[in-house]
Amino acid sequence: MTSVNLQNLARRSVFLRAVRDFFYRHGFIEVETPVKIPAPAPEEYIESVRAEGDFLRTSPELAMKELVCAGAGKIFQIGSAFRAGEHGRRHREEFTILEYYAVGWNYRELAVFTAKMIASALAAAGRVPLIYRGEVLDPDWVEYITVDEAYRRYAGVSAFDADADGTFDELMVTRIEPRLGRHGLEFLIDYPASRASLARLSAADPRVAERWELYAAGMELGNAFGELTDPAEQRRRFEAALKLRAEQGMHPYPEPTSFLEALERGMPAVSGCALGVDRLVMLLCDAADIGEVRV
């Protein structure tokens, strides 16, 4: 174990206690689902960690959605997730995730809740406004920008054209993300439909999916969907993702049978979000590296 910053760990504890209190006050129940699972969601750019014939979860998403299908209304979970080969100042193979689902809420309502939750927890930890890497951030400052608007503003190209010509990811990393959340919390919303494998398409504009990502100080903090509830469409998207993974030489995955069977039985309208706890605590502690805020 490397040297531990005990002050940061204490701040982390206060922050997590405030997060839990916020969820409890808003009628959520806390759940705990398995870390070792038989099949992860087949995501195109995320590789799982294998564990004795099974997998360590990349997120608790599928298991929590099974609970939603079984009748759970509003649930949250804080725990470990694993993604193979992720190393860097903002990445670890093992990290802490906060994931939550609210039946009956749309994805924009979930964004409003998320901003309030983060601001409340940061205030409880005594860090409002934040100073992160010399930059003043106000968690009560909340902005929304569509993906297409962000690409046109910061890259001079339509997001749909960038998606079609293969430059979407490069532009996201080099031109879009560094400009987001420079004053506080900024939601990047309405991704091209091809960029949201577990999100439903917008009824207003089927070119986009009900997805947002949250940024502060140019750092991605979380990802959310208005969740796809159509089992046939979900199966089709999983099959497409598995095909792409095979073409890229990534690990093959078995079908997530339990989740798909639960979806066949029916999922209510629900929105869900996954937030990176370690990155939130990095903001809280003015930490440049994820290793400064976790053991």
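Going by my numbering, the residue at position 2 of the sequence shown is 11; the numbering climbs one at a time, nothing skipped.
Positions of the beta carbon are idealized from the N, C-alpha and C atoms, including for glycine.
(message) Given this structure, state the Cα-to-Cα distance separating residue 238 from residue 15, to the nearest angstrom.
(response) 44 Å
(message) Buried or exposed for residue 206, going by 16 or more other Cβ atoms inside 10 Å?
(response) buried
(request) Over the uninterrupted alpha helix (DSSP H) stretch that includes residue 17, give me the two end residues. (result) 15-34
(message) According to DSSP, is residue 299 part of a helix, a strand, or is it coil?
(response) helix
(request) Indicate the three-state DSSP secondary structure (helix, strand or coil) for residue 105 in the structure shown. (result) strand
(request) Can you say whether residue 109 is buried or exposed, counting buried as having 16 or more other CB atoms within 10 angstroms of its CB? (result) buried
(request) Decide yes or no for the touch test of the segment 284-298 against the segment 93-106: beta carbon pairs closer than 8 Å, at least 3 of them. (result) yes
(request) Decide if residue 74 is buried, meaning its Cβ has at least 16 other Cβ atoms within 10 Å, or exposed. (result) buried
(request) Identify which residue in 204, 62, 150 has its Cα closest to the Cα of residue 189. (result) 150
(request) Count the other CB atoms, across all protein chains shown, that sit within 10 Å of the CB of residue 261; report buried if there are 16 or more and exposed otherwise. (result) exposed
(message) Restricting to Cα atoms, I'd like to know which of 253, 44, 98, 153 is closest to residue 199.
(response) 153
(message) Starting from residue 119, trace the alpha helix (DSSP H) in both directions and tell me its first and last residue.
(response) 116-133
(message) Taking 7 Å as the limit between beta carbons, can you name the residues of its chain near residue 305, skipping five residues before and five after?
(response) The structure shown does not extend to residue 305, since the chain is modelled only from 10 to 304, so the question has no answer here.
(request) Please report how far the alpha carbon of residue 171 lies from the alpha carbon of residue 34, in whole angstroms. (result) 42 Å
(request) Would you mind stating whether residue 61 and residue 92 have Cβ atoms separated by less than 8 Å? (result) no
(request) Return the chain-ordered list of same chain residues with a C-beta closer than 7 Å to the C-beta of residue 211, the five sequence neighbours on each side being excluded. (result) 199, 217, 218, 219
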